[in-house]
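Below: the structure, in structure tokens.
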Amino acid sequence: NAGVTQTPKFQVLKTGQSMTLQCAQDMNHNSMYWYRQDPGMGLRLIYYSASEGTTDKGEVPNGYNVSRLNKREFSLRLESAAPSQTSVYFCASKSITEAFFGQGTRLTVV
Amino acid sequence: GNSVTQMEGPVTLSEEAFLTINCTYTATGYPSLFWYVQYPGEGLQLLLKATKADDKGSNKGFEATYRKETTSFHLEKGSVQVSDSAVYFCALRAMDSSYKLIFGSGTRLLVRP
């Protein structure tokens, strides 16, 4: 009963490097989300995907891209990492009634 | 637009004290309301929810009542335990076609023995 699985759990990048955060869910949910969590700011929505094949911008999409590869997987890509992207990233998938979150990826950009 | 406002933390209580964490919202229509809890080093977990006015969500001794007249969804617990130490997030589900979850900034609770 894995739920939502995110990889990696921790990552350190140099400014300008790129990387992809992976997320997969095994609950057959249509909707998937990427949030970032920063101290004192709660969770802010980066991108979301209401269904396979669709993606939309959230509150803070600049500097990120996403891919909804199939119904299970929703990846987040940083093309050129910046120190302002240091954060904890959470992936979530949502049923009609409830959202389920992954364990998070702690990303540091130096 | 949709937004959620929570009381700032941290909230520090002694074990067995009464807890209230305030949450108010602004939304179009009648959103569903949620409380999520985040334990150290973990992701968010749904604690309770309410989908319409006057509904009371409850779980693990926590309660919150959907108050449409005051646009509030305050979290309460009669007797907190050390194990309740966590960050609590109030959230609403947008009633537009996106059905996005909008979160408050979170309130850290620290319960001391």
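Going line by line, the protein sequences match chains A and B.
The first sequence begins at 854 in this note's numbering and counts up by one.
The second sequence begins at 146 in this note's numbering and counts up by one.
Beta carbons: idealized from backbone N, C-alpha and C, even for Gly.
Can you name the residues of chain A whose CB is closer than 9 Å to the CB of residue i?
| i | result |
| --- | --- |
| residue 228 of chain B | By Cβ distance, chain A contributes nothing, its closest Cβ being about 19 Å from residue 228 of chain B, past 9 Å. |
Name the chain A residues whose beta carbon is nearer than 7 Å to that of residue i?
| i | result |
| --- | --- |
| residue 251 of chain B | 895 |
| residue 187 of chain B | 956 |
Name, please, each residue of chain B whose Cβ falls closer than 9 Å to the Cβ of residue i.
| i | result |
| --- | --- |
| residue 951 of chain A | 179, 191, 194 |
At the 7 Å Cβ level, is residue i part of the contact set with chain B, yes or no?
| i | result |
| --- | --- |
| residue 906 of chain A | no |
| residue 927 of chain A | no |
| residue 943 of chain A | yes |
Tell me whether residue i is buried or exposed, calling it buried when 16 or more other Cβ atoms sit within 10 Å of its Cβ.
| i | result |
| --- | --- |
| residue 922 of chain A | exposed |
| residue 238 of chain B | buried |
| residue 215 of chain B | exposed |
| residue 930 of chain A | exposed |
| residue 892 of chain A | exposed |
| residue 958 of chain A | buried |
| residue 961 of chain A | exposed |
| residue 257 of chain B | exposed |
| residue 227 of chain B | exposed |
| residue 935 of chain A | exposed |
| residue 236 of chain B | buried |
| residue 185 of chain B | exposed |
| residue 229 of chain B | buried |
| residue 884 of chain A | buried |
| residue 865 of chain A | exposed |
| residue 194 of chain B | buried |
Taking 7 Å as the CB-CB cut-off, is residue i touching chain A?
| i | result |
| --- | --- |
| residue 254 of chain B | no |
| residue 207 of chain B | no |
| residue 218 of chain B | no |
| residue 163 of chain B | no |
Below 8 Å on C-beta distance, what does residue i contact in chain B?
| i | result |
| --- | --- |
| residue 900 of chain A | None at all; the shortest Cβ gap to chain B is about 11 Å. |
Show which residues of chain A have a CB atom less than 8 Å away from the CB atom of residue i.
| i | result |
| --- | --- |
| residue 245 of chain B | 886, 898, 901, 911 |
Below 8 Å on the Cβ atoms is my contact criterion, and I expect residue i with residue j to pass it. Report the Cβ-Cβ distance as a whole number of Å.
| i | j | result |
| --- | --- | --- |
| residue 160 of chain B | residue 232 of chain B | Contact flag wrong, Cβ pair sits at about 18 Å. |
| residue 245 of chain B | residue 901 of chain A | 6 Å |
| residue 207 of chain B | residue 220 of chain B | 6 Å |
| residue 920 of chain A | residue 928 of chain A | 5 Å |
Mind pulling the beta strand (DSSP E) runs of 3 or more residues that sit fully within the segment 931–961 of chain A?
The segment 931–961 of chain A contains these whole beta strand (DSSP E) runs: 940–947, 952–954.
Can you list the beta strand (DSSP E) stretches of 3 or more residues lying completely in the segment 878–904 of chain A, in chain order?
884–891, 895–902
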